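Since the structure comes first, as structure tokens, the remarks are kept for the end.
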Amino acid sequence: MKLRILLASTALAVAPVIAGAQDLPPCENCADSMTIMSWGGAYQSSQQKAYTEPYAAATGVNVTWDESSNESTAKIRAASEAGNMTYDLVDVEGPDSQRLCDEGLAMEVDLDESLAAAPDGTPASEDFGDSAINDCFIPQIVFSTTFGYRTDVAEWNGATPDSVCAIFDTETFPGKRALEKRPKKNIEWALLCDGVAKEDLYDVLDEDGVERALAKLDTIKDDVIWWSAGAETPQLLADGEVVMGSTYNGRLFSAIAEQNQPIAMLWDWQVFDFDGWIVPEGLDEPRLNRVMHFLNFATDTQRLADQAKYISYGPARASSQPLVSTHADLGIEMAPHMPTNPENQKNYLVNNIEWWADNQDDVEARFQNWLSQ
Amino acid sequence: MTDAATGPDQITGATPDNALRTADRAEAGPVLSADGTPLKTSLNRALRREKMRALLLVSPLLIFILVTFIAPIADMLFRSVENRIVADTLPQTVAGLDQSSLEVPGEPTFEDLYFDLFLAAEAKKHTQLGTRLNYESAGVSSLFRSSGRRLDDIGEETQDALEDLDESWGEAGFWYGLMNNADDSDDALLKSERARVKALTAEPTGGDIAFAPSAEIAQILPRTTRAYTAWAVYIALIDDDVVAEEEPWEAVYAALGVDLERDATLEALATYAGPGADQLRAAAEADLPSVDYRAAFVEMDDGWGETEVWNTLRTYSSEYTIGYFLNAIDLQLTPNGIEKRPDRESIYLMLFQRTLVMSLIITISCIILGYPIAWLLANLPMRSANLLMILVLLPFWTSLLVRTSAWKILLQQQGVINDLLVWIGIVSNTGRLVLINNQTGTIIAMTHILLPFMILPLYSVMKTIPVTYVRAAKSLGATDWTAFWRVYFPNSVPGIGAGSILVFILSIGYYITPELVGGTSGVFISNRIAYHISSSLNWGLAAALGTILLAAVLMLYYTYDRMVGIDNVKLGG
Numbered sequence: 001m002k003l004r005i006l007l008a009s010t011a012l013a014v015a016p017v018i019a020g021a022q023d024l025p026p027c028e029n030c031a032d033s034m035t036i037m038s039w040g041g042a043y044q045s046s047q048q049k050a051y052t053e054p055y056a057a058a059t060g061v062n063v064t065w066d067e068s069s070n071e072s073t074a075k076i077r078a079a080s081e082a083g084n085m086t087y088d089l090v091d092v093e094g095p096d097s098q099r100l101c102d103e104g105l106a107m108e109v110d111l112d113e114s115l116a117a118a119p120d121g122t123p124a125s126e127d128f129g130d131s132a133i134n135d136c137f138i139p140q141i142v143f144s145t146t147f148g149y150r151t152d153v154a155e156w157n158g159a160t161p162d163s164v165c166a167i168f169d170t171e172t173f174p175g176k177r178a179l180e181k182r183p184k185k186n187i188e189w190a191l192l193c194d195g196v197a198k199e200d201l202y203d204v205l206d207e208d209g210v211e212r213a214l215a216k217l218d219t220i221k222d223d224v225i226w227w228s229a230g231a232e233t234p235q236l237l238a239d240g241e242v243v244m245g246s247t248y249n250g251r252l253f254s255a256i257a258e259q260n261q262p263i264a265m266l267w268d269w270q271v272f273d274f275d276g277w278i279v280p281e282g283l284d285e286p287r288l289n290r291v292m293h294f295l296n297f298a299t300d301t302q303r304l305a306d307q308a309k310y311i312s313y314g315p316a317r318a319s320s321q322p323l324v325s326t327h328a329d330l331g332i333e334m335a336p337h338m339p340t341n342p343e344n345q346k347n348y349l350v351n352n353i354e355w356w357a358d359n360q361d362d363v364e365a366r367f368q369n370w371l372s373q
Numbered sequence: 001m002t003d004a005a006t007g008p009d010q011i012t013g014a015t016p017d018n019a020l021r022t023a024d025r026a027e028a029g030p031v032l033s034a035d036g037t038p039l040k041t042s043l044n045r046a047l048r049r050e051k052m053r054a055l056l057l058v059s060p061l062l063i064f065i066l067v068t069f070i071a072p073i074a075d076m077l078f079r080s081v082e083n084r085i086v087a088d089t090l091p092q093t094v095a096g097l098d099q100s101s102l103e104v105p106g107e108p109t110f111e112d113l114y115f116d117l118f119l120a121a122e123a124k125k126h127t128q129l130g131t132r133l134n135y136e137s138a139g140v141s142s143l144f145r146s147s148g149r150r151l152d153d154i155g156e157e158t159q160d161a162l163e164d165l166d167e168s169w170g171e172a173g174f175w176y177g178l179m180n181n182a183d184d185s186d187d188a189l190l191k192s193e194r195a196r197v198k199a200l201t202a203e204p205t206g207g208d209i210a211f212a213p214s215a216e217i218a219q220i221l222p223r224t225t226r227a228y229t230a231w232a233v234y235i236a237l238i239d240d241d242v243v244a245e246e247e248p249w250e251a252v253y254a255a256l257g258v259d260l261e262r263d264a265t266l267e268a269l270a271t272y273a274g275p276g277a278d279q280l281r282a283a284a285e286a287d288l289p290s291v292d293y294r295a296a297f298v299e300m301d302d303g304w305g306e307t308e309v310w311n312t313l314r315t316y317s318s319e320y321t322i323g324y325f326l327n328a329i330d331l332q333l334t335p336n337g338i339e340k341r342p343d344r345e346s347i348y349l350m351l352f353q354r355t356l357v358m359s360l361i362i363t364i365s366c367i368i369l370g371y372p373i374a375w376l377l378a379n380l381p382m383r384s385a386n387l388l389m390i391l392v393l394l395p396f397w398t399s400l401l402v403r404t405s406a407w408k409i410l411l412q413q414q415g416v417i418n419d420l421l422v423w424i425g426i427v428s429n430t431g432r433l434v435l436i437n438n439q440t441g442t443i444i445a446m447t448h449i450l451l452p453f454m455i456l457p458l459y460s461v462m463k464t465i466p467v468t469y470v471r472a473a474k475s476l477g478a479t480d481w482t483a484f485w486r487v488y489f490p491n492s493v494p495g496i497g498a499g500s501i502l503v504f505i506l507s508i509g510y511y512i513t514p515e516l517v518g519g520t521s522g523v524f525i526s527n528r529i530a531y532h533i534s535s536s537l538n539w540g541l542a543a544a545l546g547t548i549l550l551a552a553v554l555m556l557y558y559t560y561d562r563m564v565g566i567d568n569v570k571l572g573g
């Protein structure tokens, strides 16, 4: 007995990261498997390494992944209508969580009650701060959608884009662009480049802003390849199919730092967003217990900081940020690659979540029609 | 495709069926079997056993098809007209809405709206209704969402005033004592509120709630009792709480405020002696804040004071609607009848047309490319034909996504084909062809993917054309071309028919390939259906579009049958 305690304390001292996993409180009346829906790709694998692998090692829980977060709302709604919720935990973007929460498809979670406090005792809700955007959302990361461009385009004659408006400047920067097949962010960028000030954006949008933004996007419509999965832009950039394109900053980081592609970041007017978990309504007790047990582990200060070793997304907890260290394989400092790095956020936007929740249906329908026409 | 030789009387000779018919026709008394029963009966009995056994044998497949094919399709067809959500979410409002008017309704309807919307907001269903109505009229979704967040404020005002007046109004037990009377209860009200909550939440509401609305108080305070009962059902069965221990929602206070303003209530209260009589009379005499619901709603959002949302509600209040089908063909239902949608919202007819035209192009490309290969397959010596056949079948064994992605690599501007063309010098480096993310990409990739569906039926038909026909034609002096065109080709037409039907029907429903290589100009109607299923969640419209597509296929099939005759289509032999 004494030996074991001794061993445990040595382990604590030597490897504090793993120690967290061994401190896990027992889980009573818990299911022994979980189905987690996430985004696939580099992002999901960072979650696997930072959260589920240590958790599975400590508890023996079997985790199944479903890589369909880009249609999470539809899948959850379908599962809920069928009365058979097949997902235990779903990774969603902030605005989607708002929608799921509004429609009663996601469970309300009391952050302070369910999640661990920061090491210094700050309650979870305070630690998460602004990222706790609604009652159902359990924040995980801060990410940004930003642009990458190829550094070897001969037709540009040595010019490099330093403003997001370069996407609308096909004279100086000829070539195809990759933009997301959704209105969000695109219409904000279009308006910014059409001369609207940041603070007026959503006032302009309330009036004829959407049409104005689409008119601006019309000027480059023939030069755009529309993407729907975040992995497409790095691929298109790597193939030389597009010369610049928007995607999530972590994807670009992978392409630049891990795969050494001739691509550079354009942080100008990056759009911040939160990504996190929601627990779908309709789980039975053992499954719910398991999910809450996992969440308590996976969203603590150390685990959120761990994720940043694998992907350049900022942890949502304030207390995690000082713990962000170096990349697990490359050994480079991660801080300069974080969207929250002051150097990178000279110009930035935060989506107005309430405006988008209220207007998403209209703008989305209008945008899709515009695309087809 | 069909075998027409199994109808009645087509098989001659001594079959049980024919024996039966002969027995039927025999006018001269019943023929008896050996044990004395009429032959007809005993044969029938034997046949029934046979049929039952046959049915049992096919039943697994039959049930499988019913459950996995027929039922989902029926459900989809149903969704395209189903529209219960409006009446389920706002039952009182819809019932009280004057259908013939085109104006913003009066105060009573706004009161109904408040209590309906409050319950819906508690169940978080108002957003779904907003989304539903937003399909018809832009802006309704944000109207419902923003109003849903501010409904509490209205009731809170009354609640505060009542609690200032007498603290018992803030007590769960007092409310329960006032409203509950198991001995003389208004069962009809309880039943209707149970039904209402059930329709709203789609959860069973038959359980025990340990509350029965008092019939007497229901007479005096109709709105309050209804609001309290709905709350009680919801609290007990959806939230799993105890009615007697919970303080009611703000809406119940608001309802009491409305009731206490009616003269009838005041008269009835004068003689009321049940629980809470003093508090009620005090509240009636006190100067409670008077709520103008219409003004309150308009203050929440100007949209409530405009006719648009109300006319949308009127138009879509019925349980079934043709609205989705009208949307699917760029029309819309308005209070003034059916109208064309504005141009910027009209895309479906164009997409249907594009789908049909491009499917036709793909089918024709498949015929042109597939015919020579099928001919080779049918005429080469066995060994080389087998090798060729493997090449034809190989794509079948490769994942669709892999094949489509391969086309991406081949066709893109920095891709293999363009590189090759630039290297040869046919196109310049700056003038690389755009072969992907447009209609060309879709046509190329889909022709490749669907080619086996053309080759295989063609091959199986060509295989059965005797070589002697062409030889005979030639020996009679026909040139190679004449022998092919006048003798061989007509014999292979059934194969072309079968292949074309397969390719055409498959291609109008395709969506993965157009989605990946079609960009925005090369996508089909099925991509819109997928979009409405998975992104916009407008399942009704997706169902209507799907139904139209299904009907179009059936109609094409029917026309084809009338023109060519389905018996002339051969998939083999």
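Chains H and R are the protein sequences, given in the same order.
Sequential numbering of the first sequence, starting at 1, is according to the UniProt record's numbering.
Sequential numbering of the second sequence, starting at 1, is according to the UniProt record's numbering.
Backbone N, C-alpha and C define an ideal beta-carbon position, used for all residues, glycine too.
Here the structure is a predicted model, which is why all the values come from computation and not from measurement.
Residue i versus residue j: straight-line alpha-carbon distance, rounded
| i | j | result |
| --- | --- | --- |
| H:Asp162 | H:Glu155 | 17 angstroms |
| H:Ile278 | H:Thr172 | 44 angstroms |
| H:Asp194 | H:Ala213 | 8 angstroms |
| H:Ala21 | H:Arg99 | Caution is warranted here: a pLDDT of 48 is assigned to H:Ala21, below 50, making its placement in the model unreliable, and no coordinate value can be reported. |
| H:Arg366 | R:Leu266 | 53 angstroms |
| R:Glu250 | R:Gly106 | 23 angstroms |
| H:Ala305 | R:Thr205 | 46 angstroms |
| R:Ile364 | R:Glu515 | 22 angstroms |
| R:Asp153 | R:Ile70 | 49 angstroms |
| H:Met37 | R:Leu387 | 44 angstroms |
| R:Ala277 | R:Asn181 | 14 angstroms |
CB contact below 9 angstroms: residue i versus chain R
| i | result |
| --- | --- |
| H:Leu371 | yes |
| H:Trp156 | no |
| H:Gln259 | no |
| H:Trp226 | yes |
| H:Gly240 | yes |
| H:Gln368 | yes |
| H:Gln302 | no |
| H:Asp362 | yes |
| H:Lys198 | no |
Cutoff 9 angstroms: residue i Cβ touching any chain H Cβ
| i | result |
| --- | --- |
| R:Val357 | no |
| R:Asn83 | no |
| R:Ala283 | no |
| R:Ser526 | no |
| R:Val517 | no |
| R:Tyr510 | no |
| R:Gln128 | yes |
| R:Ile347 | yes |
| R:Gly139 | yes |
For residue i, the three-state DSSP class (helix, strand or coil)
| i | result |
| --- | --- |
| H:Ile187 | helix |
| R:Met382 | helix |
| H:Glu93 | strand |
| R:Met300 | helix |
- Item | Within 7 angstroms of chain H by C-beta, residues of the region 187-218 of chain R in sequence order | Result list empty, no residue passes.
- Segments assigned beta strand (DSSP E), at least 3 residues, entirely inside the region 253-336 of chain H: List check, beta strand (DSSP E) in window: 263-278.
- Between the region 102-123 of chain H and chain R, which residues of the former have a C-beta closer than 9 angstroms to a C-beta of the latter? Residues of the region 102-123 of chain H with a C-beta atom less than 9 angstroms from some C-beta of chain R are Asp102, Glu103, Gly104, Leu105, listed in chain order.
- Item | Ordered list of beta strand (DSSP E) runs contained in the region 102-140 of chain H, each at least 3 residues | Those beta strand (DSSP E) runs which fall completely within the region 102-140 of chain H and span 3+ residues do not exist here.
- Check each residue of the region 69-87 of chain H: if its Cβ is closer than 7 angstroms to any Cβ of chain R, include it; give the result in chain order. Across the region 69-87 of chain H, CB contacts with chain R closer than 7 angstroms involve Glu71, Thr73, Ala74, Arg77, in sequence order along the chain.
- Item | Whole runs of the beta strand (DSSP E) within the region 332-365 of chain R, excluding any shorter than 3 residues | Counting whole runs of 3 or more residues, the region 332-365 of chain R contains the beta strand (DSSP E) stretches 337-340.
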